[in-house]
Amino acid sequence: MNHEPYWWVAAPREAPALVELPAETDVAIVGAGYAGLSAALTLARAGRSVLVLDAEAAGHGGSSRSGGMVGHGHRLSYSALKVGHGAAKARALIREGIDSLDFTTGLIEREGIDAKFRRSGRFRGMATPADYEANAREADLLTRDVGLPVEVIPRAEQRREIATDLYHGGLLFPTHGGLHPALFHEGLLRVARAAGVTVAGHTPVTGLRREGAGHEVHTARGTVRARDVLVATNGYTPRALPGFARQVVAMPSFLIATERLGGNRVGALIPNGRMLVETASSHLYFRPSPDGERILLGGRAALHPIPLQEAARRLGAHLARVFPELTGVRLDHAWTGNVAMTRSDLASIGRRDGVWHALGCNGSGVALMPYLGHKAALRILGDAAGATAFDDIPARATPFLALRPLLLRSLTWWYRAKDAMRG
């Protein structure tokens with residue numbers, strides 16, 4: 006079993022090649038994932054000199070490891086957003102998510118990035134009848150209040166979307182889709198470099214220091230002066246940036262890719278090629294590979310690091326639970342990547358001690374993070390169009406940084422117990 010992401014077969018990570026660091030730059034960006042590169046592209050095309058720094062090869066983190074699902078979503082439902090933030094703010098946050106979907110799909114089209122994007126739609130399977138009732142009400146609200154197209158699919162009709170009787174109906178989001186995340190990153194990296202951005206991989210940032218009207222960015226390879234700094238490290242935020250490291254909790258998500266099953270077999274299981282998720286606490290998400298030959302499945306095998314062989318065993322059991330006919334199928338890839346969670350369950354964008362940030366994908370980063378990077382760049386440029394509905398969401402620190410591994414281990418068992426109690 007290959008323990009590198011399936012996506013790296015078509016888009017391998019760049020070999021180490023240390024570029025020369027400039028002594029000064031207009032903007033230094035920490036993190037060469039979707040958010041960092043999108044911000045860099047906007048800034049470079051506005052005439053700024055931009056240096057993007059990453060501790061590993063560009064895109065080594067979540068940007069090339071996810072399930073590649075592209076949607077409007079937030080971790081919180083529209084109903085939960087209304088309770089926590091009021092109806093007007095909830096509508097604004099949902100619309101911001103829709104804008105992020107439009108921006109990212111537009112970016113792919115405008116820049117000619119061959120990301121294998123397809124607007125396939127997403128089916129959300131309901132783990133319990135109560136989930137179905139609650140989500141049907143949610144769909145009505147989203148259609149009425151925000152104009153988002155959502156189709157409620159009862160259990161009797163769900164086999165037109167997925168060949169299983171496991172779920173109690175579901176919702177279909179027809180505007181969502183899927184792509185090849187590593188090819189998307191590879192294309193974004195190419196476009197950013199063509200715009201004049203310097204991308205320095207294998208150059209970890211070891212600290213930031215305010216110096217006059219600018220900043221000193223300390224790296225393992227030397228110091229760079231920058232007028233502005235943007236932190237876009239998400240689930241890979243280093244402890245060398247403690248204020249931002251406390252702002253997010255990096256939770257591992259584990260993924261598997263089956264052996265080549267063949268297009269007919271995959272098509273029989275997932276008739277319309279949808280992206281698929283479920284409402285259980287394991288947060289399973291699965292899909293056909295872009296070529297339609299395999300099934301990729303991810304989820305919470307654990308909320309703390311575990312051996313990939315064990316993660317593959319657990320996720321393989323989940324796959325067999327959804328599709329019993331795949332029991333014992335060979336798995337060709339098993340890998341993991343970090344998801345950046347925030348205390349608000351919403352993205353955070355803004356400025357702290359003079360340093361800009363765009364953090365907190367909360368599991369919806371493929372569409373959201375390129376959009377937030379672009380918005381952060383506009384704010385650095387002083388453009389009012391950089392305003393978002395996230396601007397006044399408090400960037401609260403998460404306590405007990407040193408105890409996170411123990412807490413996440415405990416949460417793993419709590420979520421399992423929760424799912425068991427729900428049946």
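For the sequence shown, the residue numbers in our numbering are 6 to 428. Cβ atoms here follow ideal geometry from the backbone N, Cα and C, with glycine treated the same way. Values in this document were obtained by computation on a predicted structure and should not be read as measured data.
For residue 7, the residue or residues it bridges with in DSSP: 338, per the DSSP bridge assignment.
Nearest-angstrom Cα separation, counted from residue 369 out to residue 77: Rounded to the nearest whole angstrom, the CA to CA distance from residue 77 to residue 369 is 8 Å.
Please determine if the stretch 124-144 and the stretch 281-296 are in contact, where contact requires at least 3 C-beta pairs separated by less than 8 Å. Verdict: yes, contact present.
DSSP state of residue 184 mapped onto helix, strand, coil: Secondary structure at residue 184: coil, using DSSP grouped into helix, strand and coil.
C-beta atoms of residue 151 and residue 110 nearer than 8 Å: No, the pair does not count as a contact, with Cβ atoms beyond the cut-off.
Spatial neighbours of residue 31 within its chain, please: C-beta separation below 8 Å, excluding the five flanking residues on both sides. So the list reads 48, 53, 54, 55, 231, 232 and 233, once near-sequence residues are dropped.
List the endpoints of the continuous alpha helix (DSSP H) containing residue 109. For residue 109, the uninterrupted alpha helix (DSSP H) run begins and ends at 92-115, by DSSP.
Using the C-alpha atoms, what's the distance from residue 170 back to residue 164? Across the structure, residue 164 and residue 170 are spaced so that their CA atoms are roughly 8 Å apart.
Closer than 8 Å, CB to CB, is residue 36 near chain B or not? Here chain B cannot be found, since the structure has a single protein chain.
Taking a contact to mean a Cβ-Cβ separation below 8 Å, would you say residue 250 touches residue 257 in this structure? No, Cβ-Cβ distance for residue 250 and residue 257 is not below 8 Å.
Please report the distance separating the alpha-carbon of residue 182 from that of residue 271. The straight-line gap from Cα to Cα measures roughly 17 Å.
Three-way DSSP call (helix, strand, coil) for residue 191 in this model: In the structure shown, residue 191 sits in a helix (DSSP, three-state: H, G or I).
Compute the distance between the beta-carbons of residue 365 and residue 347, then report whether it is under 8 Å. Yes, the pair counts as a contact, with Cβ atoms nearer than the cut-off.
Between residue 260 and residue 302, is the Cβ-Cβ spacing less than 8 Å? Their beta carbons are under 8 Å apart, which means residue 260 touches residue 302 by this criterion.
Would you kindly report the start and end of the unbroken beta strand (DSSP E) that includes residue 230? If you look at residue 230, you'll find it in the beta strand (DSSP E) that goes 227-236.
Just the C-alpha distance for residue 148 and residue 178, rounded to the nearest angstrom, thanks. So the two alpha carbons sit approximately 11 Å from each other.
Which partner residues does residue 374 have in the DSSP bridge list? BP columns for residue 374 are empty, so no partner.
Once DSSP output is grouped into helix, strand and coil, what is the label at residue 330? Here residue 330 sits in helix by DSSP.
Tell me whether residue 313 sits in a helix, a strand or coil according to DSSP, three-state version. Residue 313: helix per DSSP, three-state reduction.
Residue 275 - DSSP class collapsed to helix/strand/coil: Three-state result, residue 275: coil.
So if DSSP puts residue 260 in a beta bridge, which residue, or which two residues, is it bridged to? For residue 260, which the question treats as bridged, DSSP gives the partners 303 and 340.
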